[in-house]
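Enquirer:
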């Protein structure tokens, strides 16, 4: 664009490109190295699950298992650890939490996003304000409450108890409100004039439009609930009630009396098993994850 | 016809009233034991839950007026008493709870224990001897009834010593005692980090198995962790510091696995069963676990030998003493009329045969002198040790009797040991700080 | 009454019905417990709540005297000051690198870096305990190849904090990378093209155009990461249990210990309140910063 240079634009660019081609390759190679480095712990865990105990603690460590064994996995599945119960527990708790959050958030988010009513600003602000609260502050009273109600005496009770801290997620309401705000007002007005009830407007107009947002919220909540380690470990009293993260952490740390000896290969198998489902889940629903993450960030 | 029907109805009514009446007089007793329902007993391999079912079915067959329900909990929760604490808080503790003194004394300290003095006759008390001290309130009332106890020993990988021709350095039969000097000599000789062998190991990341460390104090006379009379901690006394300096010399001379401050006892296991540690302090059940693990993982097995903890040169040999006795505690009943049947059940449970079986399940020693040693015929090694332990009585390496807020003290002690296991530790200062903090904790 | 006001009052009533389930859950599960925590924080209490004794402000003053609480507080701030900027820088750099690839590969890399986040802190900590082992861990072996003596990562007060930071870093960069990529993709191409033609080189493009353009994303990442690290618990719990000698403990870990191990729920509640206040102040401060630059 400038007339100052005698050299034509095109060739100037191609000259300047040479070092940048090298630089480009360098950057790409560096990225690949960094990716491998960040994934190394996960690889180490999976490869470790196929190593014998004596190899896991031998020096130098093996990068590729030279004598792979399925022993750790068979111990994991055939041993005294009820891993499939754990999986079932995690799935059911996360499903339950997701279901609650989606229903509550869709209702409340729809109302906040499409209606004006006395107190709407204050009520919403109160919700928003607590979005940044550390959940651990609520854990103590919730724990006491759960015990007083004897919720953990029954299997269903345990599921409800585990879902409790996440149900009233202000984030969910916030997210749906964002999306609900973009529902064309004209559609709602037209339906109202046609005599539709609020319930019908919600079910027939809002919900279909909110579906992508709700799907994102559901998947996001499912993932968050799955990894809600602290609350689940506080609640878990019997082995059969553990969720996967809690159970896996117990394989890594068996308590003293009558224990069996710590087995690193078994620990790794447990960890790999625990990570596996979430990884598959993530790969299947990657775009929802991304959407959930990016739509949380305020763009306006 | 009608009269016959009425007669029949009257009989049925009468019958159901009687049945209902007798049903109503059945007292429900809840019994919780620390452990895991899926775990197997160490002596017979029978599942704990099957064992307790048998025990209680037998009792209920001859006592038709009680209905005992039991649960075995807590093992999975990392050995914490959270499930008990919350049951207590919710006002629904079990009637009877069986667990180690370390844990049940907490409830005694909270004033929740019923008086069990009526359970034991004079003859019974003689059988328990001075172990009852750990279960007796200052006013002489019994707040708990003991059942079983472990003991602490140093377990040595004899095969490693044999291979290097160093077995002459090990303590000898029948008493397996040694001084700290002899211990150091053996440790220095066997220590070979370059070839992956460490003499021994310490761990301090969590309070778990802190007795394995505390048991060293048994070999140093005059060392007192906690003074019951003045109700203060005394682990910063000159005698204690001397013992600690000996222990720290093991770290200074690189005789222990590096990084102990970041290990729990579980982390040391792989070293031990892979023969990377020559000897380790632990409890009597560790030997059994070792064998089981070696078999399970197909590792080369090794011969082990049990030794006492080393004693200070010139001091008497460290005794083999039972430690941290397990016992029953009964939570105060809302209706005092419930007590007689509960006391009767306890009497049954602490009887020699059942106590012996419970102890054997934990690979421990029954504390009644007239109870059969569960390893008498099966395991002659264990027998000599368990006999010695019962002869001596109890030594409380948890030092917790009558210490309020003991869990917090124990956590503080873990932190003190973490500081202790650093190369540049100022031992006196660490112990002074710990004593100050612990004294504060028990006053809260 | 005309049509609109009848409609709006009907809409209002309906609105209350719609928000009712959410709001009831909110009151019961968030606001209620929060207020109860605040109430409880003035008492000396264990799980046997009937036996609680009133301490009032003394509970909070006692915290100021408690050296372990102060250590946990200091550590928590340290974690935030170390991990948050590092995570932002690392994830931004990685995002800038990923950006140079086509969309398919971008998705691949983005997913790869998110995998540790998906696996979660608990599972990662399990393998890092093995990696950090002084005798047979991978890390000391690799360092040994460079002639570095074995480091007692989790066992020494001087390195435990750093070890926790490293592990935290591995699973906190996943989300920011996704956000930064989205932000970078949103920069209008013609600005960049104009700059290139003007002779602005790649570095200058990054520093002078891209980074300023994604400022909102950066600030959002800053806010969420800060809150996340203030609440760090899992890694501390699994790796070090706060030790050795509380060198790596965090406020939330201390709250957990105080409430569920020492069974001092009143004191733990007080610590929770302190944490809440700190987070709120920091968040408000950041929101202020955010608003200002618009």
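Protein chains in written order, with this note's numbering: chain B, 485 to 784; chain G, 323 to 766; chain X, 22 to 315. Note that the Cβ used here is the ideal one computed from N, Cα and C, for glycine as well. Note that this is a predicted model, so its numbers are computed, not measured.
(1) Taking 8 Å as the limit between beta carbons, can you name the residues of its chain near residue 307 (chain X), skipping five residues before and five after?
(2) Pick out the complete alpha helix (DSSP H) segments inside the segment 64-88 of chain X, 4 residues or longer, and give them in chain order.
(3) Return helix, strand or coil for residue 520 (chain G), following the three-state DSSP convention.
(4) I'd like to know if residue 23 (chain X) contacts chain B, where contact means its C-beta is closer than 8 Å to some C-beta of that chain.
(5) Rounded to whole angstroms, what's the CA-CA distance from residue 277 (chain X) to residue 283 (chain X)? Just pull it up for me.
(6) On the three-state DSSP scale, how would you describe residue 750 (chain G)?
(7) With a threshold of 8 Å on Cβ separation, who are the neighbours of residue 533 (chain G) within its own chain once the five nearest residues in sequence on each side are excluded?
(8) Under 8 Å, Cβ to Cβ, is there at least one residue of chain X near residue 528 (chain B)?
(9) Nearest CA to the CA of residue 403 (chain G): which residue from G:384, G:459 and G:427?
(10) Tell me which residues of the segment 110-127 of chain X have at least one Cβ-Cβ distance to chain B shorter than 8 Å, keeping chain order.
(11) Just to confirm, is the Cβ distance from residue 438 (chain G) to residue 471 (chain G) under 8 Å?
(12) Just how far apart, CA to CA, sit residue 34 (chain X) and residue 653 (chain B)?
(13) Indicate whether the contact test is met: 3 or more Cβ pairs, each with one atom in the segment 73-88 of chain X and one in the segment 211-230 of chain X, closer than 8 Å.
(14) Out of X:186, X:281 and X:81, which one is the CA nearest neighbour of residue 106 (chain X)?
(15) With C-beta atoms as the reference, is residue 646 (chain B) less than 8 Å away from residue 565 (chain B)?
(16) Measure the alpha-carbon distance for residue 456 (chain B) versus residue 553 (chain G) and round it to whole angstroms.
(17) Leaving out five residues on either side along the sequence, give the residues of the same chain with a beta carbon under 6 Å from the beta carbon of residue 352 (chain G).
(18) Taking all protein chains shown into account, do 16 or more other C-beta atoms lie within 10 angstroms of the C-beta of residue 767 (chain G), making it buried, or fewer, making it exposed?
(19) Please compile the residues from chain G whose C-beta is within a distance smaller than 9 Å of the C-beta of residue 628 (chain B).
(20) Look at the Cβ atom of residue 767 (chain G), then the Cβ atom of residue 731 (chain G), and state whether they are nearer than 8 Å.
(21) Can you tell me whether residue 305 (chain X) is buried or exposed, with buried defined as 16 or more other CB within 10 angstroms of its CB?
(22) Exposed or buried, which one is residue 328 (chain G) when buried takes at least 16 other CB atoms within 10 Å?
(23) What are the residues in the segment 246-265 of chain X lying within 8 Å of chain G by C-beta distance?
(24) Give the straight-line distance between the Cα atoms of residue 159 (chain X) and residue 560 (chain B), rounded to the nearest whole angstrom.
(25) Spell out whether any CB of chain G is found under 8 Å from the CB atom of residue 682 (chain B).
(26) Which class does residue 362 (chain G) belong to by DSSP, given the choice of helix, strand or coil?
(27) If we ignore side chains and look at the alpha-carbon of each, how far apart do residue 601 (chain G) and residue 751 (chain B) end up?
(28) Taking the straight line between their C-alpha atoms, what separation do you get for residue 615 (chain B) and residue 47 (chain X)?
(29) Across which residues does DSSP place residue 394 (chain G) in a beta bridge pair?
(30) Specify the secondary structure class of residue 39 (chain X) as computed by DSSP and reduced to three states.
(31) Taking the DSSP output, what are the residues bridged to residue 653 (chain G)?
(32) Starting from the Cα of residue 357 (chain G), find the closest Cα among G:526, G:680, G:635 and G:631 and give me that residue.
(33) Consult DSSP for residue 613 (chain G) and reduce its assignment to one of helix, strand or coil.
(34) In whole angstroms, give me the CA-to-CA distance for residue 501 (chain G) and residue 491 (chain G).
(35) Would you please state the rounded distance, in angstroms, between the beta carbons of residue 575 (chain B) and residue 757 (chain B)? I believe it to be under 8 Å.
(36) Listing by chain order, which chain X residues have their CB less than 9 Å from the CB of residue 404 (chain G)?
Expert: Working from what's here:
(1) If you number the third chain from 1, residue 307 (chain X) lands on position 286. If we look at residue 307 (chain X) and ignore the five residues flanking it on each side, its Cβ neighbours are 240, 243, 244 and 247.
(2) 79-86
(3) The count along the second chain starts at 1 and reaches residue 520 (chain G) at position 198. Strand.
(4) Here the question's residue 23 (chain X) lines up with position 2 in the third chain. The pLDDT assigned to residue 23 (chain X) is 49, lower than 50, so where the model puts this residue is not dependable; a value taken from the coordinates is nonetheless given after this. So, not an interface residue.
(5) As a working mapping, residue 277 (chain X) is identified with position 256 in the third chain. As a working mapping, residue 283 (chain X) is identified with position 262 in the third chain. Inter-residue distance for residue 277 (chain X) and residue 283 (chain X) is about 9 Å (C-alpha atoms, whole angstroms).
(6) If you number the second chain from 1, residue 750 (chain G) lands on position 428. Here residue 750 (chain G) sits in helix by DSSP.
(7) Sequence index remark: in the second chain, residue 533 (chain G) carries index 211 (1-based). Same-chain partners within the cutoff: 474, 605, 645, 646, 719 and 720.
(8) In the first chain, the residue the question calls residue 528 (chain B) occupies position 44. Yes - at least one Cβ of chain X is within 8 Å of the one on residue 528 (chain B).
(9) Here residue 403 (chain G) corresponds to residue number 81 of the second chain, with the count starting at 1. Among G:384, G:459 and G:427, the Cα nearest to that of residue 403 (chain G) belongs to G:427.
(10) Those would be 115, 118, 119, 121 and 122, in chain order.
(11) The sequence position of residue 438 (chain G) within the second chain is 116, counting from 1. The sequence position of residue 471 (chain G) within the second chain is 149, counting from 1. Going by C-beta atoms, residue 438 (chain G) is not nearer than 8 Å to residue 471 (chain G).
(12) As a working note, residue 34 (chain X) is residue 13 in the third chain. As a working note, residue 653 (chain B) is residue 169 in the first chain. Each residue's Cα considered, the two are about 23 Å apart.
(13) no
(14) Your numbering for residue 106 (chain X) matches position 85 in the third chain. Of the listed residues, the one whose Cα sits closest to residue 106 (chain X) is X:186.
(15) What you label residue 646 (chain B) is simply residue 162 of the first chain in a count that begins at 1. What you label residue 565 (chain B) is simply residue 81 of the first chain in a count that begins at 1. Cβ atoms of residue 646 (chain B) and residue 565 (chain B): not closer than 8 Å.
(16) Residue 456 (chain B) is absent from the structure shown; chain B starts at 485 and stops at 784.
(17) Residue numbering aside, residue 352 (chain G) sits at position 30 when the second chain is read from its first letter. Only 391, 416 and 417 meet the Cβ criterion.
(18) Absent from the structure is residue 767 (chain G), since the part of chain G shown begins at 323 and ends at 766.
(19) Against the first chain, residue 628 (chain B) aligns to sequence position 144. Per Cβ cutoff of 9 Å: 408, 411 and 412.
(20) Since the displayed chain G opens at 323 and closes at 766, residue 767 (chain G) lies outside it and no answer follows.
(21) Taking the first residue of the third chain as 1, we reach residue 305 (chain X) at position 284. Per the 10 Å Cβ criterion, exposed.
(22) In the second chain, the residue the question calls residue 328 (chain G) occupies position 6. Flag for residue 328 (chain G) reads exposed.
(23) 261, 262, 264 and 265
(24) Numbered from 1 along the third chain, position 138 holds the residue referred to as residue 159 (chain X). Numbered from 1 along the first chain, position 76 holds the residue referred to as residue 560 (chain B). Taking the straight line joining both Cα atoms gives about 24 Å.
(25) Reading the first chain from its first residue, position 198 is the one you call residue 682 (chain B). Not one chain G Cβ lies under 8 Å of residue 682 (chain B).
(26) As a working note, residue 362 (chain G) is residue 40 in the second chain. In this structure, residue 362 (chain G) counts as strand in the three-state DSSP scheme.
(27) Start at 1 with the first residue of the second chain, and residue 601 (chain G) comes out as number 279. Start at 1 with the first residue of the first chain, and residue 751 (chain B) comes out as number 267. Going from the Cα of residue 601 (chain G) to the Cα of residue 751 (chain B) covers about 25 Å.
(28) What you label residue 615 (chain B) is simply residue 131 of the first chain in a count that begins at 1. What you label residue 47 (chain X) is simply residue 26 of the third chain in a count that begins at 1. Near 11 Å, if we compare the C-alpha coordinates of residue 47 (chain X) and residue 615 (chain B).
(29) Reading the second chain from its first residue, position 72 is the one you call residue 394 (chain G). Its beta-bridge partners are G:355.
(30) In the third chain, residue 39 (chain X) corresponds to position 18, counting from 1. In this structure, residue 39 (chain X) counts as helix in the three-state DSSP scheme.
(31) Your numbering for residue 653 (chain G) matches position 331 in the second chain. DSSP, once it has assigned bridges, lists G:435 as partnering residue 653 (chain G).
(32) As a first step, residue 357 (chain G) is located in the second chain; it is residue number 35 there, counting from the start. Selected option, being the one with the closest Cα: G:680.
(33) One-based indexing of the second chain puts residue 613 (chain G) at position 291. The answer is helix: DSSP assigns residue 613 (chain G) an H, G or I state.
(34) By 1-based counting over the second chain, the position of residue 501 (chain G) is 179. By 1-based counting over the second chain, the position of residue 491 (chain G) is 169. Distance between the alpha carbons of residue 501 (chain G) and residue 491 (chain G): 11 Å.
(35) Taking the first chain and counting its residues from 1, the one referred to as residue 575 (chain B) is at position 91. Taking the first chain and counting its residues from 1, the one referred to as residue 757 (chain B) is at position 273. That belief does not hold up - the Cβ atoms of residue 575 (chain B) and residue 757 (chain B) are roughly 14 Å apart, past 8 Å.
(36) Here residue 404 (chain G) refers to the residue found at position 82 of the second chain. Those are 68, 281, 282 and 284, listed as they occur along chain X.
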